[in-house]
Amino acid sequence: MHIVCPNCTTSYAVNPATFGDAGRQVRCARCKEIWLAQPEDLARAKVPAMAEPDPNEDMSAWGITEDEADEAPAAVPQIESPSISAEQLPEAAAPVTDADWTAMARDEPVAGPRFGRKSRLSPLRRLAPKFSLRLPFLPRLSLSTACFGMAALVLALLFWRVDIVRMMPQTAGFYQLAGIHVNLRGLSFNDVKVLTETVDGKPVLVIEGNIVGDSKTVPVALPRLRFVVRDAKGTEIYAWNAVLEQQGLNPGDKAWFRSRLASPPPEGRSLDVRFFNKRDLAG
Numbered sequence: 147m148h149i150v151c152p153n154c155t156t157s158y159a160v161n162p163a164t165f166g167d168a169g170r171q172v173r174c175a176r177c178k179e180i181w182l183a184q185p186e187d188l189a190r191a192k193v194p195a196m197a198e199p200d201p202n203e204d205m206s207a208w209g210i211t212e213d214e215a216d217e218a219p220a221a222v223p224q225i226e227s228p229s230i231s232a233e234q235l236p237e238a239a240a241p242v243t244d245a246d247w248t249a250m251a252r253d254e255p256v257a258g259p260r261f262g263r264k265s266r267l268s269p270l271r272r273l274a275p276k277f278s279l280r281l282p283f284l285p286r287l288s289l290s291t292a293c294f295g296m297a298a299l300v301l302a303l304l305f306w307r308v309d310i311v312r313m314m315p316q317t318a319g320f321y322q323l324a325g326i327h328v329n330l331r332g333l334s335f336n337d338v339k340v341l342t343e344t345v346d347g348k349p350v351l352v353i354e355g356n357i358v359g360d361s362k363t364v365p366v367a368l369p370r371l372r373f374v375v376r377d378a379k380g381t382e383i384y385a386w387n388a389v390l391e392q393q394g395l396n397p398g399d400k401a402w403f404r405s406r407l408a409s410p411p412p413e414g415r416s417l418d419v420r421f422f423n424k425r426d427l428a429g
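Next comes the structure, spelled out in structure tokens:
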């Protein structure tokens, strides 16, 4: 015995004894349609529609006899479908088919956009682990460790600035931009004074002061001194050199110097005291 779903026309093989005369409500496992199934009515309605010939036609034209007509429904192709038995409740779960998944998609319209967003984001999620990879031999630095490292670097640049500039002279410009003086000689002037005296009625310019050894570890040789007189425009108008009696200075030691210039130029307005260098040889 077969019953057919009125909604999706799915055919089910059932036992007619479980329906009774009044029939019973059944639910289609494919489209979930619920209807009142009466096996006798459905069987009578289906057989004439498929097998009853016209009364005026010859039965031989149908290719079967009247006795064979009763057996014709058995030859009708059947659709493989889950059977409905008397023990099964209408709410019982049925095997999920492709049509069930289609029905679920129609019942849950929100699922479409959600899956769509995931599909659009999936390439980014696949790429994300590539940016989170960390080499095993590189430690993860915290903020405090990074700050400590920067502070140590700055202190090293300040403490060893002389050695750094001596090895890499191009770094001297960096220290000048930062307002830091780098003394490559390891010597500096201290307590420099310019005095004016009169000797035999003539003015005499007296320059005196101290040279301090700024080197931290080794003695430093004392070069010649260079004295330069400049006018109001800063132009050099007179210069002379002086040689110190002391040949070198140990770290922290001082050497006193004194030089005199008789009859200084009247247009002189300033005086420079520095160490002799190679540029002075050209002059």
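Position in the sequence shown counted from 1, then plus 146, gives you the numbering used here.
C-beta: ideal position from N, C-alpha, C; glycine also.
Residue i versus residue j - alpha carbon distance
| i | j | result |
| --- | --- | --- |
| N329 | P412 | 33 angstroms |
| V350 | V419 | 17 angstroms |
| D337 | N356 | 6 angstroms |
| L368 | M296 | 37 angstroms |
| R331 | R307 | 12 angstroms |
| C293 | G398 | 34 angstroms |
| F335 | L417 | 14 angstroms |
| S290 | L299 | 14 angstroms |
| P162 | Q171 | 13 angstroms |
| W181 | T164 | 16 angstroms |
| C177 | T156 | 9 angstroms |
| A408 | K348 | 7 angstroms |
| L304 | V311 | 11 angstroms |
| E354 | S361 | 22 angstroms |
| G169 | M147 | 13 angstroms |
| M314 | Y321 | 12 angstroms |
| S288 | T317 | 30 angstroms |
| L301 | V364 | 22 angstroms |
| C174 | C154 | 9 angstroms |
| N396 | G359 | 6 angstroms |
| L333 | W402 | 13 angstroms |
Three-state secondary structure (DSSP) of residue i
| i | result |
| --- | --- |
| A378 | coil |
| G359 | strand |
| L289 | helix |
| G295 | helix |
| F403 | strand |
| A302 | helix |
| A408 | strand |
| Q184 | coil |
| V172 | strand |
| A324 | coil |
| V366 | strand |
| V308 | helix |
Chain-order list of residues whose beta-carbon lies under 7 angstroms from that of residue i (same chain, five-residue window excluded)
| i | result |
| --- | --- |
| D426 | R372 |
| D377 | I383, E413, G414, R415 |
| P410 | P349, L351, V375 |
Proximal residues to residue i (C-beta, below 6 angstroms), its chain only, five neighbours per side dropped
| i | result |
| --- | --- |
| I149 | Y158, V160, A183, L188 |
| E214 | Caution is warranted here: a pLDDT of 47 is assigned to E214, below 50, making its placement in the model unreliable, and the coordinate value is therefore given only provisionally. Around E214: no qualifying Cβ. |
| V352 | L341, E343, R406 |
Per DSSP, the bridge partner or partners of residue i
| i | result |
| --- | --- |
| V345 | K348 |
| N336 | N356 |
| Q393 | According to DSSP, which records beta bridges pairwise, Q393 is partnered with nothing at all. |
| D418 | V374 |
| A159 | H148 |
Residues near residue i in its chain [Cβ-Cβ closer than 8 angstroms; skip 5 each side]
| i | result |
| --- | --- |
| R370 | N387, A388, V389, L390, F421, F422 |
| P152 | E179, W181 |
CB contact below 8 angstroms: residue i versus chain C
| i | result |
| --- | --- |
| V366 | The structure shown contains no chain C; it holds only a single protein chain. |
Can you find at least 3 beta carbon pairs, one from the stretch 377-392 and one from the stretch 343-351, that sit closer than 8 angstroms? No: fewer than three Cβ pairs fall under 8 angstroms.
Do the stretch 387-406 and the stretch 320-327 touch if we need at least three Cβ pairs shorter than 8 angstroms? Verdict: no, contact absent.
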